Amino acid sequence: MQVAFVDAGFFIGRRGRHWGPKGSLTKMRRLVAAGRRSKANFFQAQRKAIISDMKYLEFRMRQVGFYVSKNQPVHMCWDGVKGRSKRGTLSNSYKSARAIKMGYEAESYSAATHEIHDFREHLQSLQFDTDDLRRNWISYYQEDAEADDLIATKVQEAIANPELGPEDTIWVFSGDSDLHQLFAWDPRIRIHNFVSEIPRDKITQDLGIPLDSFVLFKSIIGDTSDSITGIPNIGPKKAAEIISNFGKDTLLNPQTNGFKWYEPSSELALESISAILKNWRKEKEYTQTKCVELFGTHWRDLERGKTRILDYQDYETLATEIPTLRLNFQVTDYSEVVQTNLKLITLPCPI
50 MQVAFVDAGF
60 FIGRRGRHWG
70 PKGSLTKMRR
80 LVAAGRRSKA
90 NFFQAQRKAI
100 ISDMKYLEFR
110 MRQVGFYVSK
120 NQPVHMCWDG
130 VKGRSKRGTL
140 SNSYKSARAI
150 KMGYEAESYS
160 AATHEIHDFR
170 EHLQSLQFDT
180 DDLRRNWISY
190 YQEDAEADDL
200 IATKVQEAIA
210 NPELGPEDTI
220 WVFSGDSDLH
230 QLFAWDPRIR
240 IHNFVSEIPR
250 DKITQDLGIP
260 LDSFVLFKSI
270 IGDTSDSITG
280 IPNIGPKKAA
290 EIISNFGKDT
300 LLNPQTNGFK
310 WYEPSSELAL
320 ESISAILKNW
330 RKEKEYTQTK
340 CVELFGTHWR
350 DLERGKTRIL
360 DYQDYETLAT
370 EIPTLRLNFQ
380 VTDYSEVVQT
390 NLKLITLPCP
400 I
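All residue numbers for the sequence shown refer to my numbering, where the first residue is 50 and numbers rise by one.
Spelled out as structure tokens, the structure:
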């Protein structure tokens, strides 16, 4: 037995294919404007494009062994028009970049009150029944929930369903990487991005972190596509290294200083740090390469007068060996940033 949950954002993603410079709908609109096709032709062309999209989705499903039937329906999850509102109470700028790209003013945008266009209305204007788009397709919609929240909720229900055995499969079809956190929930979960299946070991092998640390990983680096700001100057490689070194539980423990970051307090402090490091190295008769081996690449940058942000471990290792450095660093605690991001990224929305 298999069950499949689909992010209805699939249709919006496919629009680029139809409306691109060489897309079928772009060409048809030009023909209508030139008087060579009628509005009725354009209407039918739009319907044909949507039907083609649905057939494409079922084709991708068949490729991985999921055959739509009465006993194996497609569960289509739609974005609610007020789906951003809950997360908007935590971050007013949540998904602001997307809104600005669509023409909204940055100053007036508020995720807490913003309403997206209900794509179902477009489909209904093309005379599709969005509650019965295709045979054995079931639709789910909640005004104040995003599609990935609905998917996560439905997946939780599937996991708890006693009719699904240990050898059965729970499919998630979505291009949203936030849903990769579901891998940690159950070994029966498989994820497909509408082009190919996402390997289950992508997180553990590519990033080198446990599956259950994926949300924390994204909370540290942020998510530009959703306008979520992470810890400054911390990229995927460094974030994965931090998680590997400390572990999720230690990092989220407020007593361990996991998200305290240290940087030179001023240009003058940076000059002082550079001089202190040079003097210490000369006293020890170490090469710069030796110091990099002992302390990390931040040694080279700091000695050259370049600013670097250090995590708690790197800072303490350096400052314990050379205590005079402590006077020249300032600390910023990003725990609140990470905690907020955890709530923004966790599925379903915990608010």
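C-beta: ideal position from N, C-alpha, C; glycine also.
On a predicted model such as this, the values are computed, not experimentally measured, just so you know.
- For Ala160, no alpha helix (DSSP H) encloses it, and the DSSP letter there is neither H nor E.
- The beta carbons of Val52 and Trp220 sit closer together than 8 Å.
- When DSSP states are grouped into helix, strand and coil, Cys398 belongs to the coil group.
- A distance below 8 Å separates the beta carbons of Asn282 and Ile358.
- Here DSSP, grouped into helix, strand and coil, assigns Pro285 to helix.
- For His67, the enclosing alpha helix (DSSP H) stretches over residues 58-68.
- Cβ-Cβ distances below 6 Å link Phe91 to Met77, Val81 in the same chain, with the five nearest sequence neighbours on each side left out; the list follows chain order.
- Nearest C-alpha to Met103 among Tyr158, Gln362, Leu182, Ser87: Leu182.
- In this structure, DSSP gives Ile277 an extended state, which the three-state scheme calls strand.
- With respect to the 8 Å criterion, Met50 and Leu231 are not classified as neighbours on the basis of their beta carbons.
- Minimum Cα-Cα distance from Ala207 among the listed residues Tyr190, His241, His124, Ala89 corresponds to His124.
- Within the same chain, and ignoring the five residues on either side of Ser314 in sequence, the residues whose Cβ sits closer than 7 Å to its Cβ are Asn377, Phe378, Gln379.
- In the DSSP assignment, Lys309 falls within the unbroken beta strand (DSSP E) covering 309-313.
- Annotated as proximal: Ser140 and Thr389, with beta-carbon spacing under 8 Å.
- A straight line joining the alpha-carbon of Tyr364 with that of Ile292 spans about 16 Å.
- Taking C-beta separations shorter than 8 Å and ignoring five residues to either side along the sequence, the partners of Pro303 in its chain run Ser384, following chain order.
- For Gln205, the enclosing alpha helix (DSSP H) begins and ends at 196-209.
- Ranked by how close their Cα comes to the Cα of Asn242, the residues Asp227, Leu228, Ser223 have Ser223 in first place.
- Here Phe54 carries a strand assignment [DSSP, helix/strand/coil].
- Between the alpha carbons of Arg239 and Met151 lies a distance of about 32 Å.
- Take the alpha-carbon of Leu317 and the one of His166: they are about 52 Å apart.
- The straight-line gap separating the alpha-carbon atoms of Pro397 and Trp186 is approximately 22 Å.
- In the three-state reduction of the DSSP assignment, Gln379 falls in the strand class.
- Looking at Ala196, Thr338, Leu319, Gln362, the one whose alpha-carbon comes closest to that of Gly354 is Leu319.
- For Val221, no alpha helix (DSSP H) segment is defined; the enclosing uninterrupted segment is the beta strand (DSSP E) at 218-222.
- With respect to the 8 Å criterion, Phe266 and Ala288 are classified as neighbours on the basis of their beta carbons.
- For Met125, the secondary structure class from DSSP, reduced to helix, strand or coil, is strand.
- Taking the Cβ atoms as the reference, Ile200 lies roughly 19 Å from Leu172, outside the contact range of under 8 Å.
- Where Tyr153 is concerned, there is no enclosing alpha helix (DSSP H), because DSSP gives it neither an H nor an E.
- Following the DSSP letters along the chain, one finds Tyr189 inside the beta strand (DSSP E) bounded by residues 186-189.
- The beta-carbon distance between Gly72 and Arg63, rounded to whole angstroms, is 10 Å. This is too long to meet the 8 Å contact definition.
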